[in-house]
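Protein chains in written order, with this note's numbering: chain R, 6 to 585; chain S, 6 to 585.
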């Protein structure tokens, strides 16, 4: 109800935007003006002069004046010819009218003051419902008419709108904070990854520190899951398309894959996922029930042809590193295997303090029963699979919601949704049940009774895509990673030349103990050194001056707790022992 | 001199083969019959009936009779028309005659008994020089006339020929041994890798054991080179071709690269090497002389479009994992850096017992001065680079040979050539000096004097391609790897049901100590279990029966030393400590 009210206000603001624009730009042509998350937009064609960001302020002022006029929104149903008469100077509206008429749908308009817009509503009754301090024109952008690049490029004006001024300010503050935490900015400051014009967009190159960060994540997951018997395997990044014809991916996603062509007749595709390759290792020799569950894990890059315009830092890339895993097991082993996967997810996200109450929930992603043709495999197995997953989340007492239509084409999933420091939700870990692919690949094992059986497959990812995971946690922590994940854990800052020798001793000592430590023995001032360390979000800086050198101590500066004071190296090592 | 003598014998045997074939197959047409490594071949067209492998014995018998006839080889120079008259029924010879005549070269024939062959020689004087026990017809194969698949497919008969019977037998024995050691056979027995029809040829999939083997090699190298300051980086497998246009690879190898095509306009190539990508990490931010040398290392797959017919197990694949590394440094640092690389190579190959005297040599691979157009960069820098490398091998007292024409297009190399157990030579490790690519990529650093300088690049690989390296060491060790490299180091074999509990205790104890151990608690006989362990080339098997259980001991069976006797677990752990 509240949501609907806000929807109407946003929708009505779009109309006020159109009025204000037409007022200022007499020959502007109107396209469409829908409601979106946090606000609304309207697309215009400006035949003569176009608005600048500066003009938005004036347009917004005009909108506020319109609000204060307490205008009504009046709905009216028209015939096609009546509508065409009203919009005779508006070519985009005429196109829409013809379309509505062709479909045999009702043509409705909303009138506000003298302005009439083609619109199916709903709207508020009167502009007095709108709080003039709770909306703001945000930005200008280009957009093709109907999103088709063959059409004309229009000008889109975005607006933000909320119920109250406070909500708007809160949103703007969060945007500001998000900007500060932008992983592209922090990634550069911390020297984690770079892009190259020569290599291409969407293809990040990871520096030594970025690679270390990746490795620390992968090692953490490997260490946690070691007790559950996962074994590393290695596959190539290309394959004949035959593999995907068998798996069923070709029919569903064939058009979206990168094709690879060599000299003469060699033709491959780049792998956009690893499961079909992993089935071929299982199929590489006869299997016995004694070998099950067989658990293959691999951190490897897959490639997806994302559109240039959708690429964004590490959030959306073309080379995607998956921390992938596949379990092949008997049906009777499914429950324990998935519970073990959940244990790994819990341990991993606990190490990031992201697994506590309210910080995550589980999407039990099932089929959309209205679109059953989207899924492969038989009904009965799907129902079993969906109910097994539901049993598991209940038994594990996980906070969950059933989300229809989010299943994979081969089976239902448990998708783990995590909230970041700004309250944004991200799907990261996943466990997926699959009765389909093992059958399509004719996988089999000899059971106790000597008969051939088909195994079940479980797909699992803990961090998901490493690139996306990094973009999320860089922004979540604003680069201030937990100690175990910090590329540089301790930085040693001698104040002057005279302290460098002792500083190096401290450096060597910590290095020997396996701490990731750096020594800043440049000739910069202490202030500059500390500022650099802060930009790099180093958890601890150890300042070394006369007093420290004299007494064999270090002055500990903590990133999170501020100045801690003088300690001996042994005391400091003991303090950080817990965090490691 | 000796070599020339053997060449003549082999060449003459090809003629005797032709005589014997024509004797038996009257309508056979002769193509060519050259000398090759270890022997000779002759290509024939058989219009009516073709020889079977069984027929080769008869043909060989006829050749031996011809040898015993003590026939002379007589050379004669002919005019084109004389030659055409003699070979009027031999279309391939006629084609060759026309070609020789067109080039204005001499037409010579060799006559042996009644047989005359078109041939430029040289030959032996008389067949009595040939030892009838020192040659053998080897096999039949198909071959296109002039190697062009548009031409007719001919029948090739291969023959082996040496000076003495002993040499022939030695060669046959080695071939037999090579067959036993075939890495494809051993790889299957040890369950190291598989191929899949659906994925495609030349694209191996590595099982958990094969992946472990790869990881052990990579870790060994990483551990050795840690002290020399190498840092891991991570790059994608594709790039815009712009990267290779800049590096110079496009012009030289552009036709041989895999092209990657997405929807719409996205077009990439798969990387066949990593150096250009690594330059882009260096170029990712401004660099100071203080950061040099910067040493990037990465184990990553590159892709090369090898011809289907040339693919062979892991020896020749399309997905090639390189243990790659690139050093960016000042010219003054080159010598030390390369010497450090040599230290890593020495330590790594010593751990495989492959670095001792006579087991390896270094190819100082320089330009072919007759084909200078094949190389990029200026003359003076090349000369410096070649002489720096020569200084290094001299100072390090490495056994080396200067090999002309083996340099990379961007600089000279030190290629490390290793001899395997069968005496075959393999180029594995390499260190390459490169003044060209840093310039082409405009890499730079700020030197002490505040001026911009161009760094030098060193390319280095220790194992080279992991796939090829594996194929070499699997065959070298016949799968019996050194202890540190064995996927399974110890196998525990309880004799009967009653011994399984204690066997498991031993298993757990060794596992805890970090030994890679397997427990064979199947109900197979001890004999069968031992046979399985031998096939898997496990370094140690610990047999556990009544006596061992009673006294808390294990019966140690060593793969290399045979039965060692009873030991306590502690004693056994101490024994293997050195090998670890």
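Positions of the beta carbon are idealized from the N, C-alpha and C atoms, including for glycine.
From a predicted model like this one, the values you see are computed outputs, not experimental measurements.
Determine which residues share a DSSP beta bridge with residue i and list them.
i	result
residue 72 of chain S	In the DSSP output, where bridge partners are listed per residue, residue 72 of chain S has none listed.
residue 158 of chain S	S:149
residue 524 of chain R	R:497
residue 567 of chain R	R:563
residue 431 of chain S	S:423
residue 464 of chain S	S:331 and S:437
residue 451 of chain S	S:293 and S:457
residue 326 of chain R	R:306
Evaluate residue i with the Cβ neighbour count: other Cβ atoms within 10 Å of its Cβ, from every protein chain shown; 16 or more gives buried, anything less gives exposed.
i	result
residue 330 of chain R	buried
residue 230 of chain R	buried
residue 39 of chain S	exposed
residue 470 of chain S	buried
residue 52 of chain S	exposed
residue 201 of chain S	buried
residue 57 of chain S	exposed
residue 502 of chain R	exposed
residue 345 of chain R	buried
residue 553 of chain R	buried
residue 217 of chain R	buried
Short of 7 Å in beta carbon distance, which residues of its chain neighbour residue i, apart from the five on each side in sequence? Order them along the chain.
i	result
residue 472 of chain R	209, 319, 322, 325 and 326
residue 611 of chain S	Nothing can be reported for residue 611 of chain S, as the shown portion of chain S is limited to 6 through 585.
residue 395 of chain S	369
residue 328 of chain R	223, 226, 304, 466, 467, 468 and 471
residue 179 of chain R	427
residue 189 of chain S	318
Given this structure, state the Cα-to-Cα distance separating residue i from residue j, to the nearest angstrom.
i	j	result
residue 33 of chain R	residue 84 of chain R	25 Å
residue 63 of chain S	residue 520 of chain S	57 Å
residue 316 of chain S	residue 245 of chain R	16 Å
residue 214 of chain R	residue 582 of chain S	35 Å
residue 614 of chain R	residue 197 of chain R	Because residue 614 of chain R is not part of the residues shown, which for chain R are 6 to 585, the question remains open.
residue 272 of chain R	residue 266 of chain R	5 Å
residue 375 of chain R	residue 436 of chain R	24 Å
residue 193 of chain R	residue 478 of chain R	15 Å
residue 155 of chain R	residue 101 of chain R	18 Å
residue 557 of chain S	residue 482 of chain S	34 Å
residue 42 of chain S	residue 480 of chain S	21 Å
residue 220 of chain S	residue 334 of chain R	26 Å
residue 542 of chain S	residue 312 of chain S	33 Å
residue 31 of chain S	residue 493 of chain S	60 Å
residue 169 of chain R	residue 406 of chain R	30 Å
residue 151 of chain S	residue 498 of chain S	58 Å
residue 247 of chain R	residue 203 of chain S	5 Å
residue 347 of chain R	residue 237 of chain R	19 Å
If you drop the 5 nearest sequence neighbours on each side, which residues of the same chain put their C-beta closer than 6 Å to that of residue i?
i	result
residue 120 of chain R	24
residue 125 of chain S	113
residue 351 of chain S	360
residue 386 of chain R	440
residue 146 of chain S	161
I'd like the list of long-range same chain contacts for residue i, defined as Cβ closer than 8 Å, with 5 residues on each side in sequence excluded.
i	result
residue 339 of chain S	393, 438, 461 and 463
residue 365 of chain R	354, 359, 404, 421, 422, 423 and 424
residue 253 of chain S	381, 414, 415, 441, 442 and 445
residue 76 of chain S	117, 118, 131 and 132
residue 409 of chain R	371, 372, 373 and 374
### Message
Just to confirm the assignment: which complete alpha helix (DSSP H) runs, minimum length 4, are found wholly within the stretch 34-88 of chain S?
### Response
Runs of the alpha helix (DSSP H) inside the stretch 34-88 of chain S: 58-73.
### Query
Which parts of the stretch 90-133 of chain S are runs of the beta strand (DSSP E), unbroken and 3 residues or longer, counting only runs that do not cross its ends?
Restricting attention to beta strand (DSSP E) runs no shorter than 3 residues, the stretch 90-133 of chain S encloses them at 112-117 and 120-123, ordered along the chain.
### Task
Ignoring anything shorter than 4 residues or poking outside the stretch 355-432 of chain R, list the alpha helix (DSSP H) runs there in chain order.
The DSSP assignment places complete alpha helix (DSSP H) segments of no fewer than 4 residues inside the stretch 355-432 of chain R at 384-400, in order along the chain.
### Message
My parser needs the beta strand (DSSP E) runs of 3 or more residues fully inside the stretch 207-258 of chain S; what are they?
### Response
Taking only runs of at least 3 residues, no beta strand (DSSP E) segment lies wholly in the stretch 207-258 of chain S.
### Query
In the stretch 155-194 of chain S, which residue ranges form an unbroken alpha helix (DSSP H) of at least 4 residues, counting only runs that do not cross its ends?
Whole alpha helix (DSSP H) segments, 4+ residues: 170-185 and 188-194.
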